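In this note's numbering, the protein residues as written are 1 to 740. Yeah, the Cβ is synthetic: ideal placement off N, Cα and C, and Gly gets one too. This one's a predicted model, so the numbers in the text were calculated from it and none came from an experiment.
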């Protein structure tokens, strides 16, 4: 920590604290915009982002910063003493966990046997390889929360991307954001005098907090479900569920000269289509949408005008280049290429600006004009809400590697699903983000020689979600011609991840333990099961006005007076329970029997089109979870067979027709199947026991640093009590030469 402060400098620390506190900023825009398919997984948190400088926040932050600076030497000395005490019992000086989200074991093993992954093969040979048991369901927020805490979901409270509410409107499962409670009205101005509330809904304690209590320093980079950032002895950059500047989980903009305007999906989330105005043959104008200005009584949306001016060649012919003028920025544009990150500044009040960052992709300059813009994201250099611990850490990384994506779901899968971005552009974006993450990871490896380093790369997950249709010859969302073009994208991604493993191995010495892991595997997603349609057909759910299908998302068209159970989200089914749901019908005394009845009927459900089993197993939640938060889980968990998942309609609380239908979206690979069908991978340079599960990583990390497994943890150390006859590697694992 001392080293970080020295590098950034006192002035940088002071400025960052002032930016976050003085801008104070966040909390008033968009739960009303939280709908649409992708938002099943990524709904804007609570009231979204609001602007608002809080006098209390300013004073308290300045006081906290002063105390932190004054006590820094004392705290550093204390952690040094505690750290030395712990390290005397440690097996190693440093532990590295490289997370490759979604790496599939069957493909990893296949590609290793084909010689395509020499570094992973070498790590397996020198240490250990295991298939890694995952959570029920095998979803990233659930699995990574179990990785972080070492407990089953019943103890950490994350069961899906979304959570049920009393009034049936789903909310994001991991964080709640509320506006400042106290405000001062001065005419048309509204001045907050209390701080906004940002509350983490993930429970239990992450293992890096336990390490910190024993004086072990950690650097935790983009591990999912770390927003808001944890406070502990170390550094952290938050990941999944960090919102964009509008308070959503990612709204892109698509500017066009022709066509429809408005939301690209129902619910006004995913993307906005905005018409541009052509003011002359060489210039178009439009605007970026920003957050709502909660400093104003009317809370209007802030907008930032921009112009695109076409360049002409020396002979007067049309060019494929232009200049984007937005605020004080002049950005070169080229057809078919992304810009670097552009800083945009929205004016909230005199002297108060809200910074964001975004990238542009010019699809077409000639008529009809087309321009894509990523979601406008929180500026890591001047964040309007904490996205790192300490807050200055995001600024440090921005100064170190340049601007970078801060959005929880950084890769824009939805624009590809809407066919507004090409496969090539999506891959460029995904690998650009991968490179940003790699540079952060390398910086941590270079700086931290004693302690814990965890970094998660999302690229494998995002690319497999969007490109599996080209890998699966039977997938209904791709043609043979398209498969020929993109068939090797997934294979090439695995090769690139192996190169990253090799770079990491080159940084590992004999005093370092290395783990390479994924939170779950991956499977094809050919057909979707509409759980609400199944519930309707089996008498458990009724649509309003006697209809069979619903028109609106998020359960708005359900007749609750005649409904016993309903589905929303990816994990399973909820009972319409009296006293819990607003219009509950099921008595508490009947809940256990009803959940078992539904689970029994659903298990083994067959697809009428091909007679394949679609539902591998369904079971009541008590059969999967133990802990104080089990009551927040779906009442019935549904584990699908390979090739199946909950349908897009059911996931957003709609009821469609038929029960099982083709998945024709670009999002064609998934892992929301039975957990036994989607294990992850685990490689290490250490000898490991069999039966590895993702809940075992936390106690393993503690043991490596000489710290006892915490009594609340469900997992156990993976380290062999008796060393493997071969013993741990006497030297550091060596990456395969680049020429191999």
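Taking 8 Å as the cut-off, decide whether the C-beta atoms of residue 218 and residue 212 are in contact.
yes
Just reading off the beta strand (DSSP E) that residue 370 is part of, what are its end residues?
370 to 373
Of the listed residues 520, 693, 129, nearest to residue 671 (C-alpha basis):
520
For residue 376 and residue 122, the rounded distance between their alpha carbons
42 Å
Nearest residue (CA-CA) to residue 225, options 214, 165, 187, 159
159
Which same chain residues end up closer than 6 Å to residue 530 when comparing Cβ atoms and leaving out the 5 residues on each side of it in sequence?
647, 649, 650, 656, 659
List the residues that DSSP assigns as beta-bridge partners of residue 571.
Partner(s): none; residue 571 has no beta bridge.
Would you kindly check if the distance between the Cβ of residue 415 and the Cβ of residue 290 is under 8 Å?
no
Measuring straight from C-alpha to C-alpha, what distance separates residue 419 and residue 126?
45 Å
Taking contact to mean at least 3 C-beta pairs separated by less than 8 Å, is the stretch 502 to 516 in contact with the stretch 662 to 678?
no
Ordered along the chain, which non-local residues of its own chain (more than five positions away) have a Cβ less than 7 Å from that of residue 626?
152, 154
Is there contact between the stretch 548 to 568 and the stretch 494 to 504, where contact requires at least three CB pairs shorter than 8 Å?
no
Residues bridged to residue 349 by DSSP?
352
Where the alpha helix (DSSP H) containing residue 291 begins and where it ends:
From DSSP, residue 291 is part of no alpha helix (DSSP H) but of the beta strand (DSSP E) over 283 to 292.
Can you find a C-beta in chain B that's less than 8 Å from the C-beta of residue 574?
Note that chain B does not occur in the displayed structure, where there is just one protein chain.
Cβ distance (whole Å) where residue 183 is taken to contact residue 193 below 8 Å:
7 Å
Cβ-Cβ distance between residue 497 and residue 103 below 8 Å:
yes
Segment limits, beta strand (DSSP E) that includes residue 100
94 to 100
What residues in its chain sit with their C-beta under 6 Å from that of residue 522, if we drop five residues either side in the sequence?
102, 104, 464, 669, 671
Take residue 108 and list the residues in its own chain whose beta-carbon comes closer than 8 Å to its own, dropping the five residues that flank it on each side.
117, 120, 494, 681
Report the CB separation of residue 249 from residue 98 in whole angstroms; it is logged as a contact under 8 Å.
Going by Cβ atoms, the distance from residue 249 to residue 98 rounds to 25 Å, so no, they are not a contact pair.
Tell me whether residue 38 sits in a helix, a strand or coil according to DSSP, three-state version.
Only weak support exists for where residue 38 lies, its pLDDT of 38 falling under 50; the coordinates are left without a value.
Backbone CA spacing between residue 573 and residue 602 [nearest angstrom]
11 Å
Let's test the definition: count the other Cβ atoms within 10 Å of the Cβ of residue 189 and tell me whether it reaches 16, buried, or not, exposed.
exposed
Three-way DSSP call (helix, strand, coil) for residue 141 in this model:
helix
Quick one: give me the first and last residue of the alpha helix (DSSP H) that residue 510 is part of.
Run containing residue 510: none; DSSP gives neither H nor E here.
Once you ignore the five residues that flank residue 478 on each side, which residues in its own chain have a CB closer than 7 Å to its CB?
469, 470
Report the rounded CA-to-CA distance for residue 756 versus residue 705, giving the unit in angstroms.
The question about residue 756 has no answer here: the residues shown for the chain are numbered 1 through 740.
Am I right that residue 384 and residue 354 are in contact with their C-beta atoms under 8 Å? What's the rounded C-beta distance?
6 Å
What residues are listed by DSSP as bridge partners for residue 752?
With the chain represented from 1 up to 740, any question about residue 752 goes unanswered, as that position is not in the structure.
Excluding the 5 residues flanking residue 537 on each side, which residues of the same chain have their C-beta closer than 8 Å to its C-beta?
659
For residue 713, which residues of its own chain have a beta-carbon under 7 Å away from its beta-carbon, when the five flanking residues on both sides are left out?
150, 151, 698, 699
In three-state terms, what does DSSP make of residue 632?
helix
Taking contact to mean at least 3 C-beta pairs separated by less than 8 Å, is the stretch 385 to 399 in contact with the stretch 231 to 241?
yes
Got a sec? Which residues, its chain only, sit under 6 Å from residue 357 by beta carbon, not counting five neighbours each side?
341, 343, 377, 379, 403
State the DSSP-derived secondary structure class of residue 326, mapped to helix, strand or coil.
strand
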